[in-house]
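Step one of this worksheet: look at the structure below.
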Amino acid sequence: MFGFVINKLKNRKWLNLCLLMGVALFIALFVCHPMFEKGAGNQILDRLFTDHATQQNEFPAQMSREGTYAVADYPDSQSVLDKLSGYEKKWTEYVDINKVSSQQLITLSGGRADTEFGGLNHYFTIGYLPGLSEYVDVVKSQTDTATFECSISEKTMDHYGLVAGEKIYLHVPDGSGKKEISFVISQICREKDINDPYWAKTLSDMGDVIFVSQDVFDEMMQYYSEDNISYSDFLMLDYRQINTENASLYDGYMEQFKDADKLYNDNIRDTLERFFTQQKTIKLMLWALELPCLVLLILFIRMISAQILSLEENDILVLRSRGATKLQVFILYLQQSGIIAFAGCVLGIVLGYIMCRAAASTDGFLRFTAKDIGTYRFVWQMLVYAVAAAVIMVLFITVPVWKKSKDAISEHSKERISKKKPLWEKCFIDVILLALSAYLLYNYNKQKSMLAISVLENRSIDPVMILDNSLFIFATALLCVRLTGLIILLVDRLFKKRFSPAMYASFLQLKRTRYNQGFLAVFLIMTVAGGIFDANMARTMNSNMEKRIVYNVGCDAIYNEDFRLRIQKNKDGSVSWMYDEPDFGKYESLKNEGICDGVTRVLEDERVDISAGSGSVSDAYLMAINTKEFGETAKLQSDQNDDINDAHWFNYLNELAKEPDGVIISSNLAKALGLKVGDSLNYSRYVPEAVDDDQIYASENAKVCAIVKGFPGYERYTYETDVEGNVTEQEKYLIVANYATVVEKFGMTPYSVWMNLSKGKTVDDIYKNLTSAQQLIDENKNSATVQITNGMFTLSFILSLIVCSVGFLLYWVMTLKQRELQFGIYRAMGMRMREVKAMLLNEQIFLSFLPLLAGAGIGITATAMFVRLISIIYLPQKHNIGVNVYIYQSDMLELAGVLFVAVAVCYVVISRLLKSMKIAQALRLGEDS
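Sequential numbering from 69 applies to the sequence shown in our numbering.
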């Protein structure tokens, strides 16, 4: 039996190889899913931890415990430290991650203190921080063996006006009253590297602590009548060891830690909660993006398997006539499909691994790179998916055999050509599905704002929103098949009497087989339309993201200078402050070196109050600029229609340059306060947050000299998230003033340095810690969501080209083979070869060219209807630049070129087959049959 099956496969080796290709691609796409899901999940985890560190300015994987212990139970510092180390050991027994660092601080409450040089009634805490000397640099030092030595931070020095060698007289309770203890400041220190994981709490966070040695701390415990000793313990773990396999397990353990110990805390669970939400979104997105491609491959496999089964109908009837039962025939073909599925499974696993790695390496549509994709590795789930896909393929290929295994040969002749109208056409399934797609599109468009907020809140997306375009393409493809049949009947009715014999025979064939041939039309339409939509969706997403990033940055690169804030307490209790401006000359020299074409200061403040008449707004965005330098440096990214502003933005800079006390304001600010050009307003600024959160220190009157909708670096819409994770949209108001005026009225405050790089130069030619548009674009391209989308759309587009070309060529070649007898009869009746070719060309016009044109039209229509809606997933924020649809001619030409080659090759092959066909052989074939 097995040898018989092998011989059957060999007899139609080319068809079976094409079937094997389809099965292998189907299994490969199936296998991609778990690898892509795990790899993207690990990438998201790494990104979330990194973002947390950047945004919260803390190590992203901390486990901590803060509280107090009774001195009676823990009489010295070492006993407390041992207890804390015990907690750390217990945590890491369950959360099996390598320790990066640990910070343990124990303190005594201290008390009021006076200082040697006039400081009165300060409050200090006595603390011991193990390992302090390893992680600090000593700025100043002075020893005094006569008293207890202590160390303080630079912030403590600045805040209390202390110096090295100064004595602190601390008044502490000793049970019988107050006792004075003298400390001498032996060291003033700062962190060696404030970004070191050790600094869970920085020295600035411990501003009122005076640090002593362990021996001194133990001695201090004897002086106090305090019952408790305070502690904080921070354990920093290697977050790179948290992955999709153990994240859920570790989250459960940390939840149990919190339930069992109310003093326990960590910053890992919040990150993992966001990860679980995004992971769910990634899973839905992957299935939504893979499903249309899987359907396309199923159509391809169905077409090939149907052709094979059609050619083997006689073989099945012979087997049945010789006594084989239906079950025996079914088992025979089950073995045959099993061999193909097994081979496809082996190839599919390898191909799936390669496809996933290739898709993960994309940083744009059809753009493969050599970037690091180490998170995308082989996972054991790929084997399970491969077996499941193979089983599906076996059933899909074999089940139709049961229907073909008829008892009577006469039934075979009745079903050679199906003249029954398909069920979908009888029930108007195409119209119903099209109406459903339109209804879904209408509803989703009405809910755009809610959908955008849902994406911003990291809630799961609705996969139907992505699949709706595939539903539209499928329904429209069926509708086109219906309309094509009507067109054939209409043309035949109108011109039947004028047809030549060849054309009459052609239309007769079209009418007889139009229901059977509809499958090819649906296949062609879906591949072409799907390929066009995938290309346009990817291009639109990438182009809009890049344009928004370029607009938001406003120039090539930005460097945020480090301004040192000096705060001093005056004798009258007031506080004075000032910023030390760094040397700006080093940036101006970049122009002389040919690295930058433009460099300018941009002073920015997002805590500005503006009032005009009886109206006012708060938290406006102030930009102070030098108009000439800013014009040479900044860039305003326009949208596709170039309609952000009513005039070129240089005109507004010119108006500002004419008015030293003038300002440019945003159109939403003008609307909120009822302002127009020439009106006056007043704007106020607050003291630095380190000094006071809510104190205005200066105000200035200004004249409105221009109103703009967009300006370099100005984002009109912002989004805020509350403690419950709900997102609210807010508008940001812009006011642009002259730099010299702002500095004169408000004093020097921090600014950023904007740069316009010379041609051929990159940020690597300047400094490493720059913010550049290109860096942000690269980071965005490497985000998991964008990478998945680009990767899957690229794979879908390439698979569409391959499957469409192979399927189209194979279908027509096999159709020609099946009609060999018919063509022999036509030739025997006197029909010339030219007429036979004309007959086939006419059939291709209706069965191939029209579906291809319809597919192109449907793809462009789907682009116009669905791309902006689906873009909400990737671009949920409102922006000064709207979402524009991008259609690249190169993509359309690539698709058209491949299809043209496929059609041309098909026609050449058909011509050669017709030319080599022998009439006598064809007629003899007819006699034998």
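For every residue, glycine included, the Cβ atom is placed at its ideal position computed from N, Cα and C. Note that this is a predicted model, so its numbers are computed, not measured.
If we count Cβ pairs, one from each stretch, closer than 8 angstroms, do we get three or more for the stretch 330-339 versus the stretch 498-517? no
Between residue 747 and the rest of its own chain, which residues show a CB-CB distance below 6 angstroms, the 5 nearest in sequence each way excluded? 772
Anticipated Cβ contact below 8 angstroms, residue 820 with residue 831, distance rounded: Rounded, the Cβ-Cβ distance is 14 angstroms, inconsistent with contact.
Just mark residue 728 as buried or exposed, buried being the case when its beta carbon has 16 or more other beta carbons within 10 Å. Looking at its Cβ environment, which holds fewer than 16 other Cβ atoms inside 10 Å, residue 728 is exposed.
Here's the rule I'm using: 16 or more other beta-carbon atoms within 10 Å means buried, otherwise exposed. How should residue 386 be labelled? That one is exposed.
What is the rounded straight-line gap between the Cα of residue 792 and the Cα of residue 524? 13 angstroms
Could you pull the DSSP bridge partners for residue 240 from this structure? 247
Can you tell me the Cα-Cα spacing of residue 847 and residue 619, whole angstroms? 16 angstroms
Does the distance from the C-beta atom of residue 143 to that of residue 172 stay below 8 angstroms? no
Cα-Cα separation between residue 679 and residue 742, rounded to whole angstroms: 11 angstroms
Backbone CA spacing between residue 205 and residue 256 [nearest angstrom]: 9 angstroms
Classify residue 477: buried if its beta carbon has 16 or more other beta carbons within 10 angstroms, exposed otherwise. Its pLDDT being 46, under 50, residue 477 is placed unreliably in this model, and the value from its coordinates should be taken loosely. Exposed, because fewer than 16 other Cβ atoms sit within 10 Å of the Cβ of residue 477.
Can you tell me where the alpha helix (DSSP H) with residue 883 in it begins and where it stops? 852-886
Hey, residue 408 and residue 88: beta-carbon distance below 8 angstroms or not? By the CB criterion at 8 angstroms, residue 408 and residue 88 fall inside the cutoff.
For residue 592, count the other beta carbons within 10 Å of its own beta carbon; 16 or more makes it buried, fewer makes it exposed. Which is it? Residue 592 is buried by the Cβ-count criterion.
What's the gap between the Cα of residue 938 and the Cα of residue 509? Linking residue 938 to residue 509 through their CA atoms gives a straight-line distance of about 10 angstroms.
DSSP beta-bridge partners of residue 775: 733
Out of 608, 718, 122, 289, state which residue places its alpha-carbon closest to the alpha-carbon of residue 779. That would be 718, whose Cα lies nearest to the Cα of residue 779.
Please look up how many angstroms separate the CB atoms of residue 331 and residue 167, rounded, as I've assumed it's under 8 angstroms. Their Cβ separation, rounded to whole angstroms, is 20 angstroms, which puts residue 331 and residue 167 out of contact at 8 angstroms.
Would you grab the beta carbon distance between residue 647 and residue 818 for me? Rounded to a whole angstrom, and I think it's under 8 angstroms. 6 angstroms
Note down the Cα distance separating residue 634 from residue 612, rounded to an integer number of angstroms. 43 angstroms
Within the stretch 298-358, note down every full beta strand (DSSP E) run reaching 3 residues or more, in order along the chain. Whole beta strand (DSSP E) segments, 3+ residues: 332-334.
What are the boundary residues of the beta strand (DSSP E) that includes residue 917? That residue, residue 917, is in no beta strand (DSSP E); it is neither H nor E in DSSP.
Short Cβ contact (8 angstroms threshold) for residue 875 with residue 597: Not in contact: residue 875 and residue 597 (Cβ atoms no closer than 8 angstroms).
Return the first residue and the last residue of the alpha helix (DSSP H) that residue 847 is part of. Taken as a continuous stretch (DSSP letters only), the alpha helix (DSSP H) holding residue 847 covers 841-849.
What residues are listed by DSSP as bridge partners for residue 52? Within the shown structure, residues of the chain are numbered from 69 to 997, placing residue 52 beyond reach of any answer.
Are the Cβ atoms of residue 369 and residue 90 separated by less than 8 angstroms? yes
Which residue from 731, 451, 393 puts its Cα closest to that of residue 802? 731
Round the Cβ separation of residue 415 and residue 702 to the nearest angstrom and send it over; I've been treating them as touching at under 8 angstroms. Contact doesn't hold; Cβ gap of about 54 angstroms is too wide.
Taking the continuous beta strand (DSSP E) assigned at residue 388, which residues delimit it? Per DSSP, residue 388 belongs to no beta strand (DSSP E); it is in the alpha helix (DSSP H), 381-389.
Does the stretch 98-114 touch the stretch 343-353, meaning 3 or more C-beta pairs lie closer than 8 angstroms? Result yes; three or more Cβ-Cβ pairs closer than 8 angstroms.
Using DSSP with H/G/I as helix, E/B as strand and the rest coil, what is residue 683? Residue 683: strand per DSSP, three-state reduction.
Kindly indicate the opening and closing residues of the beta strand (DSSP E) around residue 432. Start and end: 430-432.
Report yes if the CB atom of residue 181 is closer than 8 angstroms to the CB atom of residue 220, and no otherwise. The answer is no: Cβ separation not under 8 angstroms.
Where residue 94 and residue 373 are concerned, what is the direct C-alpha to C-alpha distance, given to the nearest angstrom? 14 angstroms
Quick check on residue 897: buried or exposed, where buried means 16 or more other Cβ atoms within 10 Å of its Cβ? exposed
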